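Trainee:
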Amino acid sequence: MNLLSLALVAFTLFAGQAAPAQAPAPALSKEATALQGTWNVTLFNGEPAPEGAIALQFEGNKYAVIISGGVDETGTFKLDATKTPWTFDLTILEGSDAGKLQLGILEMKGDAIHGLLAMPGGATRPANFDSADGAIGFVAAKRK
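Yeah, the sequence shown ends on 820 if you go by our numbering, and it's all consecutive.
(1) Taking only the alpha-carbon atoms, compute the straight-line gap between I742 and G713 and give it to the nearest angstrom.
(2) Between A703 and D756, what straight-line distance do the alpha-carbon atoms span, to the nearest angstrom?
(3) Could you check if E735 is buried or exposed, using at least 16 other CB atoms within 10 Å of its CB as the buried criterion?
(4) Run the CB neighbour count on Q749, radius 10 Å, all protein chains shown included, and call it buried at 16 or more, exposed below.
(5) For E770, which three-state DSSP category applies?
(6) Compare the C-alpha of E723 against each of T709, K820, V815 and name the closest.
(7) Just how far apart, CA to CA, sit A774 and F753?
(8) Would W715 and K818 qualify as a contact pair, given that the criterion is a beta-carbon distance under 8 Å?
Encoded structure:
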């Protein structure tokens, strides 16, 4: 069988078949669903952040950190709302800390979130919002 005949047989066998379906994205918890969208950081490490200078975007289980209009970091997040405060794990995929895991805690009150994150690659999650030594703290308001 020559190459042309083989190609025709392969085309005939696979013509009209739909491409394999991709696995559906995992369902988001109601808390992760509430995070979806863009959040403007209003406080960063206890200091007021310039309006619009830092934003957090959540889409599905992905996040992006936007600084001065440009993407600074992207990755995926995992939220466990069965804990108090919620545990919040970032897997950093792009940015200066790519390849690192960042452990944190998060709480949501109305249209605001309060987060405290260990340094990227750190092995210890902040226990509560009073344990800010060496951690990165933020408060963000949902963009309307």
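Don't be surprised by glycine CBs; every beta carbon is placed ideally from N, CA and C. Please read these numbers as outputs of a predicted model, since none were measured by experiment.
Mentor: Well, looking at it:
(1) In this structure, the alpha-carbon of I742 lies about 13 Å from that of G713.
(2) Those two C-alpha atoms are separated by around 14 Å.
(3) E735 is exposed by the Cβ-count criterion.
(4) Checking the displayed sequence, the identity of residue 749 turns out to be Glu instead of Gln. E749 is buried by the Cβ-count criterion.
(5) Of the three classes helix, strand and coil, the one that applies to E770 here is strand, per DSSP.
(6) Answer by Cα proximity: V815.
(7) F753 has its alpha-carbon roughly 14 Å from the corresponding atom of A774.
(8) Yes; because the gap between Cβ atoms is below 8 Å, this pair is in contact.
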